[in-house]
Amino acid sequence: MRAERTLMDKIFLIIKGLFMGAANKVPGVSGGIVAFVAGFYEEFIYSLQKINLKAFKLIVNGRFKSFYKYVNGQFLSLLIFGMLVSYFSISQILDYFLEKKELYVWAAFFGMIIGSIYYISKGFGHWNKKTIISGILGLLIGISISFLNPATENDNLFFIFFCGIISVSGMTLPGLSGSFILILLGNYVLLLVDSVNALYYTFAEIMEADFSFISNPRRMNTLKILAVFTLGSATGLVTLSHILSYVLKHYKNITTAVIIGFITGSLGVVWPWKKTILKTDALGNVLIDSNGNEIILNYERFIPDMGNMESWWAIFYMILGAGILLGLERYGRYRSYKK
Numbered sequence: 052m053r054a055e056r057t058l059m060d061k062i063f064l065i066i067k068g069l070f071m072g073a074a075n076k077v078p079g080v081s082g083g084i085v086a087f088v089a090g091f092y093e094e095f096i097y098s099l100q101k102i103n104l105k106a107f108k109l110i111v112n113g114r115f116k117s118f119y120k121y122v123n124g125q126f127l128s129l130l131i132f133g134m135l136v137s138y139f140s141i142s143q144i145l146d147y148f149l150e151k152k153e154l155y156v157w158a159a160f161f162g163m164i165i166g167s168i169y170y171i172s173k174g175f176g177h178w179n180k181k182t183i184i185s186g187i188l189g190l191l192i193g194i195s196i197s198f199l200n201p202a203t204e205n206d207n208l209f210f211i212f213f214c215g216i217i218s219v220s221g222m223t224l225p226g227l228s229g230s231f232i233l234i235l236l237g238n239y240v241l242l243l244v245d246s247v248n249a250l251y252y253t254f255a256e257i258m259e260a261d262f263s264f265i266s267n268p269r270r271m272n273t274l275k276i277l278a279v280f281t282l283g284s285a286t287g288l289v290t291l292s293h294i295l296s297y298v299l300k301h302y303k304n305i306t307t308a309v310i311i312g313f314i315t316g317s318l319g320v321v322w323p324w325k326k327t328i329l330k331t332d333a334l335g336n337v338l339i340d341s342n343g344n345e346i347i348l349n350y351e352r353f354i355p356d357m358g359n360m361e362s363w364w365a366i367f368y369m370i371l372g373a374g375i376l377l378g379l380e381r382y383g384r385y386r387s388y389k390k
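Quick note: the sequence shown uses the working numbering, first residue 52, plus one each step.
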């Protein structure tokens, strides 16, 4: 049975949720990597796996305290709280820096992922024929996803529900970015920018006793889309966690090898030196979707010009990103040792 969490444990769990939420929103970065490196990935998966028929029966019978204990409620509630706060705070800061200093942000995340690959790999001493093949398979899948072309935006509610199921992959599968998958599906801006902003503005107006948004059809439609997306995400989170808990229990070494390969293959998604290719018509005019956003066709990656000081700063941020991640990992080991 797990020891009771101290106040500092609870604070750090919220901070981990903040990082996980921020990572989930950035295309190419996986919140699952945060969980994996921070050492709570298996507890996260196994806690979600407890949301099952037995948990539902406990709620129906009014045994809320038993339900809370059964699903590891303290852990999940603190982590999810941190993630929600992140979506309306840290992720907003990230959006700002992605707009103003995009190269340095991608460089820092690239460094963090390099650090996570090193961290996961150094403790994995189970390489054999099966795990090597699994690692290569994960690598090929990661590379393949990196170079897929994004689709156009689609607000069909069945498709939105499907997007919700797929998007949580970044929380449950280290290396697979749910945000990047949403870009490939064409709905990143609709679901993680427009919808989140609509919810933020709605809460702000409600706090001011302003309910005029009810008569705003576009706002109500966006909130409906967000509700369906959230329902899909919850469905996907519980479903994937059950699958992963079984896989981790019976095929842990193979799963870890696939994750290492997958994370390595997905590095192309966060390669800092890339240019966004926008969809244009025959005259070269940039095409706009129904919500007024430019349609992304793909990304053109290139080798940096090392005669440019900006490139050296990007490398510095890569090293800084790797250093931060490995420093947190070392601090986590130190805390575990002290306990």
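We put the CB at the ideal spot given by N, CA and C, even for glycine.
Just so it is clear, the structure is predicted and the values come from calculations on it, not from any experiment.
Would you mind reading off the limits of the alpha helix (DSSP H) that contains residue i?
{"i": "THR281", "result": "268 to 301"}
{"i": "LYS108", "result": "104 to 111"}
{"i": "LYS116", "result": "115 to 121"}
{"i": "TRP157", "result": "153 to 173"}
{"i": "ALA260", "result": "Here ALA260 belongs to no alpha helix (DSSP H), and DSSP marks it neither H nor E."}
{"i": "SER60", "result": "Sequence inspection shows Asp at residue 60; the Ser mentioned does not correspond to that position. Start and end: 58 to 76."}
{"i": "LEU190", "result": "180 to 197"}
{"i": "ALA134", "result": "For the sequence presented, residue 134 should be read as Met rather than Ala. Unbroken alpha helix (DSSP H) run through MET134: 124 to 138."}
{"i": "PHE391", "result": "Because residue 391 is not part of the residues shown, which for the chain are 52 to 390, the question remains open."}
{"i": "LEU318", "result": "Neither: LEU318 is in no alpha helix (DSSP H) and is coded neither H nor E."}
{"i": "SER218", "result": "208 to 218"}
{"i": "GLY237", "result": "From DSSP, GLY237 is part of no alpha helix (DSSP H); its letter is neither H nor E."}
In angstroms, rounded to a whole number, what distance separates the CA positions of residue i and residue j?
{"i": "ALA89", "j": "LYS67", "result": "8 Å"}
{"i": "MET52", "j": "LYS120", "result": "In this prediction, MET52 scores a pLDDT of 45, lower than 50, which makes its location untrustworthy; the coordinate-derived value is nonetheless stated afterwards. Whole-angstrom Cα-Cα distance: 12 Å."}
{"i": "GLY186", "j": "VAL279", "result": "35 Å"}
{"i": "PHE115", "j": "LEU109", "result": "7 Å"}
{"i": "SER266", "j": "ALA249", "result": "14 Å"}
{"i": "VAL289", "j": "TYR97", "result": "10 Å"}
{"i": "MET134", "j": "LEU69", "result": "5 Å"}
{"i": "MET71", "j": "GLU361", "result": "28 Å"}
{"i": "TRP364", "j": "LEU224", "result": "31 Å"}
{"i": "ASN123", "j": "SER284", "result": "20 Å"}
{"i": "LEU241", "j": "ILE276", "result": "9 Å"}
{"i": "GLY193", "j": "ILE257", "result": "43 Å"}
{"i": "LYS300", "j": "ARG56", "result": "25 Å"}
{"i": "ASN75", "j": "GLY287", "result": "15 Å"}
{"i": "ASN304", "j": "VAL219", "result": "23 Å"}
{"i": "THR182", "j": "PHE139", "result": "40 Å"}
{"i": "LYS151", "j": "ILE144", "result": "11 Å"}
{"i": "GLY103", "j": "GLY113", "result": "Before going on, a small fix: residue 103 reads as Asn here, not Gly. Going from the Cα of ASN103 to the Cα of GLY113 covers about 16 Å."}
{"i": "ARG352", "j": "LYS101", "result": "42 Å"}
{"i": "HIS177", "j": "VAL298", "result": "16 Å"}
{"i": "GLY358", "j": "ASN336", "result": "33 Å"}
{"i": "GLU93", "j": "ILE310", "result": "13 Å"}
{"i": "ARG381", "j": "LEU154", "result": "27 Å"}
{"i": "TYR252", "j": "ALA260", "result": "12 Å"}
{"i": "LEU233", "j": "ILE366", "result": "28 Å"}
{"i": "LYS105", "j": "LEU99", "result": "13 Å"}
{"i": "ASN325", "j": "LYS173", "result": "Inspection of the sequence shows that residue 325 is occupied by Lys rather than by Asn. Straight-line Cα distance between these residues: approximately 30 Å."}
{"i": "PHE91", "j": "SER117", "result": "23 Å"}
{"i": "PRO268", "j": "ALA255", "result": "18 Å"}
{"i": "ALA73", "j": "ASP332", "result": "35 Å"}
Under 8 Å, do residue i and residue j count as touching if we go by C-beta distance?
{"i": "GLY391", "j": "MET222", "result": "With the chain running from 52 to 390 in the structure shown, residue 391 is simply not present."}
{"i": "PHE209", "j": "LEU282", "result": "no"}
{"i": "LEU295", "j": "ALA159", "result": "no"}
{"i": "SER246", "j": "THR273", "result": "yes"}
{"i": "ILE62", "j": "PHE132", "result": "no"}
{"i": "LEU188", "j": "GLY312", "result": "yes"}
{"i": "ILE168", "j": "ILE339", "result": "no"}
{"i": "ILE217", "j": "LEU191", "result": "no"}
{"i": "THR306", "j": "PHE175", "result": "no"}
{"i": "TYR302", "j": "THR327", "result": "no"}
{"i": "ARG270", "j": "PHE264", "result": "yes"}
{"i": "ILE171", "j": "PHE95", "result": "no"}
{"i": "PHE107", "j": "MET369", "result": "no"}
{"i": "LEU376", "j": "MET163", "result": "yes"}
{"i": "ASN207", "j": "ASN238", "result": "no"}
{"i": "SER317", "j": "ILE196", "result": "yes"}
{"i": "VAL156", "j": "PHE148", "result": "yes"}
Bridge partners for residue i per DSSP, in chain order?
{"i": "TYR350", "result": "THR327"}
{"i": "VAL337", "result": "THR331"}
The ligand MG and residue i: does any heavy atom of the ligand fall closer than 7 Å to the residue's C-beta?
{"i": "LEU109", "result": "Annotation note on the ligand MG: not contained in the displayed structure, which lists no ligands."}
The segment 124 to 131 / the segment 310 to 329 touching (three or more Cβ pairs under 8 Å): With a cut-off of 8 Å, the segment 310 to 329 and the segment 124 to 131 do not count as touching, because too few Cβ pairs lie within range.
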